[in-house]
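Colleague:
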Amino acid sequence: MESTQLTIQLAYVAAAALFIYGLKLLGSADSARKGNLLSSVGMLLAIVAALLDQGIVEYQWILLGFVVGGAIGAAAARLVQMTAMPEMVALFNGFGGMASLLVGAAALSGSSNTFTLVTIVLSILIGGLTFTGSLVAWGKLSETLGSGAVMFRGQQIVNSLIVLAILFSAVMFCLQPENSIWLYAVIALSLLFGVMAVIPIGGADMPVVISLLNSYSGLAACAAGFAVNNNILIVAGSLVGASGIILTQIMCKAMNRSLSNVLFSGFGSVSSEETVIEGEIKPISVEDAYYILEAATNVAIIPGYGMAVAQAQHVVKELTQLLEKKGAEVNFGIHPVAGRMPGHMNVLLAEADVPYDQLLEMDDINPRMETVDVAIVIGANDVVNPAAREVESSPIYGMPVINVDQARTVFVLKRSMASGFAGIENPLFYKENTRMLFGDAKESISGLIRELSN
Amino acid sequence: MEVVFLTFILMLSIFLGFELITKVPATLHTPLMSGANAISGITVVGAISLAGNGQHDMANWLGAAAVAFASINVVGGYLVTDRMLAMFKKRGS
């Protein structure tokens, strides 16, 4: 190996080490920022090394790509609102997939051995479906497309036909790489498949979908690494792939559903069996809520996607401070699938300056729930639904939930009585100790703050 | 042999990835995902030599486009992750 090649390869080894150590530092919130920095140094090193490649005869197109992409990326990173992080991650998953598709297609010229062809097909296929799948996920998250599940008769059959067509074109592509019709067929079909795979999945299942697409964007980079014979792509791609798969597993477990159940059956298709819920709904005014809250010494706040929609995280922080000043203990209970992506609530509350050690995971807050005087549910529904424990016929039976109904009093902040995304009745609203505080979450909390500061 | 060598790397990195990621606490899952976005921009390394091949052929243009897409991920991913992580604070600090 001549010396430039050797330098490049050694730089890749160092870059891989930095990625790995960076991820290791992400294991604790104290060192995470440093980990991200190290990881970015690794990336810089890998890019500089790649620029030393002697196959490069001109730099203007590379530079143009950097400038355009870098400017878009920097602007997006600076401007994005924390409530919109799921959309941004979804889009970035898609861009990663697109880059791998393009590299796969470009690697075709000049290679003809079967193994390389197979990896080219894989990088195009995974990259393509990641790209369009992510665009659809982005559309659903940003409500550009409706967030509901799109189902139609014969959907499974259509999808099976697409898969068969993909397999056929992929095989033909490997047999006749010089006939570009198969290349175009694989590209078109993978793009189509990405759309078809994500449209039947509803908004509430998006945490699973984003995690899975995150994983695919890594696997696509991995396949592209095989296609262009580059081991740093394989290492980095598989780290991302593993990360996405683990998050997918965590999300599925938190919903008590299998991955195939999330992907292939819309949650809307619930048995229409009516469950009779006993009790009545007891609305409460901000004033009355204040009297109960004022006497509380132990308060738990359970946020959900509704808090993000109402942009209520800052007033929630203010409420927390006021309660603490009055001597109450305040904790947050975070369900793994609260929000639209893994960790969504934690980022929103971090933005509002809530310290991360005040955010308790479901398994930590549940044992303490009986000592809680007031549990405040803000824009969460399914993740606090006691039907998951009590009603065997409920579609979410068996899903681990935060047991707010075991607190002495529960306030549910909710716009109206419409059921949550999944359309499941929530017996919590009818419990003896539940009080409904109707209205915009931000306004209701602001009302409580006004009462408390008087 | 090259194939076996690359597959060997794949196998080891997947196991390593599982070990590392399971240790990331739930509170950091969003930064983990955006950080993963940035790392998946590694495709830029594969795209650079294609974008600079000087052939002005299809592969050249596809490579240049790939550099642009991957750069969005690299730059945007690391910056937004840093922005988020800067907000995570401990009680009393």
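As given, the protein sequences belong to chains A and B, one line each in that order. So for the first sequence, numbering that gives the first Met the number 0 puts the first residue at 0; every next one is plus one. So for the second sequence, numbering that gives the first Met the number 0 puts the first residue at 0; every next one is plus one. Heads up, the beta-carbon is just placed ideally off N, CA and C, and yes, glycines get one too.
1. Specify, as a first and last residue, the run of the alpha helix (DSSP H) that M250(A) falls within.
2. I need the boundaries of the alpha helix (DSSP H) containing G278(A), first residue and last residue.
3. Going by other Cβ atoms of all chains shown within 10 Å of its Cβ, with 16 needed for buried, is Y475(A) buried or exposed?
4. Across which residues does DSSP place L359(A) in a beta bridge pair?
5. Please confirm if V3(B) has its CB atom under 8 Å from at least one CB of chain A.
6. Report yes if the CB atom of P385(A) is closer than 8 Å to the CB atom of P335(A), and no otherwise.
7. Taking 8 Å as the threshold (C-beta atoms), are Q312(A) and L347(A) in contact?
8. Nearest to T129(A) by CA position, among I245(A), V102(A) and V194(A), is which residue?
9. Considering only residues of the same chain and omitting the five flanking positions on each side of G278(A), which have a CB-CB separation below 6 Å?
10. Is it the case that the Cβ atoms of I233(A) and L49(B) are separated by a distance below 8 Å?
11. Mind checking if E86(A) is an interface residue toward chain B, Cβ cutoff 8 Å exclusive?
12. For A187(A), which option in N365(A), K324(A) and A104(A) has the closest C-alpha, if you only look at C-alpha atoms?
13. When you compare the CB of G69(A) with every CB in chain B, is at least one pair closer than 8 Å?
14. Given a cut-off of 8 Å, decide if V197(A) and I165(A) are closer than it, judged by their beta-carbon atoms.
15. Less than 6 Å between C-beta atoms, sequence neighbours within five positions excluded: which residues of the same chain meet that for D404(A)?
16. Using the Cα positions of S268(A) and L100(A), report the straight-line distance between them to the nearest angstrom.
17. For I300(A), which residues from the same chain have a beta carbon less than 6 Å from its beta carbon, with the 5 sequence-adjacent residues on both sides left out?
18. Is K23(A) helix, strand or coil by DSSP?
19. Would you report the Cα separation of G41(A) and A15(A), rounded to the nearest angstrom?
20. Can you check DSSP and say which residues form a bridge with M435(A)?
21. List the DSSP bridge partners of P302(A).
22. List, in order along the chain, the chain B residues whose C-beta lies closer than 9 Å to that of K470(A)?
23. Quick check on N260(A): does DSSP put it in helix, strand or coil?
24. Using Cβ-Cβ distances below 8 Å, what residues of the segment 314–340 of chain A are close to chain B?
25. So, does the CB of R32(A) fall closer than 8 Å to a CB anywhere in chain B?
26. Per DSSP, what are the beta-bridge partners of G297(A) in this structure?
27. Rounded to whole angstroms, what is the Cα-Cα separation between G446(A) and S33(B)?
28. Would you tell me roughly how many angstroms separate the C-alpha atoms of R152(A) and L191(A), rounded to the nearest one?
29. Against V79(A), what residues of chain B qualify as contacts under a CB-to-CB distance less than 9 Å, listed in chain order?
30. Buried or exposed for S189(A), please, with buried defined as at least 16 other CB atoms from any protein chain shown within 10 angstroms of its CB.
31. What span of residues does the alpha helix (DSSP H) with F151(A) cover, start to end?
32. When the Cα atoms are used, what is the spatial distance from E57(A) to A58(B)?
33. By Cβ distance, which residues of its chain are closer than 6 Å to L212(A), with the 5 residues on each side in sequence left out?
34. Under 8 Å: do the segment 69–83 of chain B and the segment 55–75 of chain A share three or more Cβ pairs, one atom per stretch?
35. Going by Cα to Cα distance, which pick from P394(A), S122(A) and V47(A) is closest to N228(A)?
Modeller: According to the data block:
1. If you look at M250(A), you'll find it in the alpha helix (DSSP H) that goes N230 to A253.
2. Premise fails: G278(A) is in no alpha helix (DSSP H) and is neither H nor E.
3. Given that chain A is displayed from residue 0 to residue 453, the structure contains no residue 475(A) and the question cannot be resolved.
4. Paired residue(s): G332(A).
5. By this cut-off, V3(B) is not an interface position.
6. The Cβ-Cβ distance between P385(A) and P335(A) does not fall below 8 Å.
7. Contact check for L347(A) against Q312(A) passes: the beta carbons are separated by less than 8 Å.
8. Nearest C-alpha to T129(A): V194(A).
9. Result list for G278(A): Y429, in chain order.
10. Annotated as distal: I233(A) and L49(B), with beta-carbon spacing of 8 Å or more.
11. Against chain B, the CB of E86(A) has no partner CB under 8 Å away; the residue lies outside that interface.
12. It is A104(A).
13. Closer than 8 Å to some Cβ of chain B, the Cβ of G69(A) qualifies, so yes.
14. A distance of 8 Å or more separates the beta carbons of I165(A) and V197(A).
15. These residues qualify, in order along the chain: P385, L427 and K430.
16. In this predicted model, S268(A) has a pLDDT of only 45, less than 50, meaning its place in the structure is not dependable enough to derive any value.
17. Correct list, in chain order: F331 and I375.
18. Of the three classes helix, strand and coil, the one that applies to K23(A) here is helix, per DSSP.
19. About 7 Å.
20. Its beta-bridge partners are P282(A) and V411(A).
21. Its beta-bridge partners are I377(A).
22. With chain A running from 0 to 453 in the structure shown, residue 470(A) is simply not present.
23. Here DSSP, grouped into helix, strand and coil, assigns N260(A) to helix.
24. Here the close residues are I333, P335 and M340.
25. R32(A) counts as touching chain B.
26. In the sequence under discussion, the amino acid at residue 297(A) is Asn, which differs from the Gly named in the question. N297(A) is bridged by DSSP to E328(A).
27. Taking the straight line from one Cα to the other gives about 35 Å.
28. Their backbone Cα atoms lie some 18 Å apart in a straight line.
29. Those within 9 Å of V79(A) in chain B are G75, V79 and R82.
30. By the neighbour-count definition (other C-beta atoms within 10 Å, threshold 16), S189(A) is a buried residue.
31. Note, F151(A): premise wrong, no alpha helix (DSSP H); not H, not E.
32. Note on geometry: alpha-carbon atoms of E57(A) and A58(B) lie some 14 Å from one another.
33. Answer for L212(A): N92, T129, G132 and S133, listed in chain order.
34. The segment 69–83 of chain B makes contact with the segment 55–75 of chain A, as at least three CB pairs between them are under 8 Å.
35. Considering only alpha carbons, the answer is S122(A).
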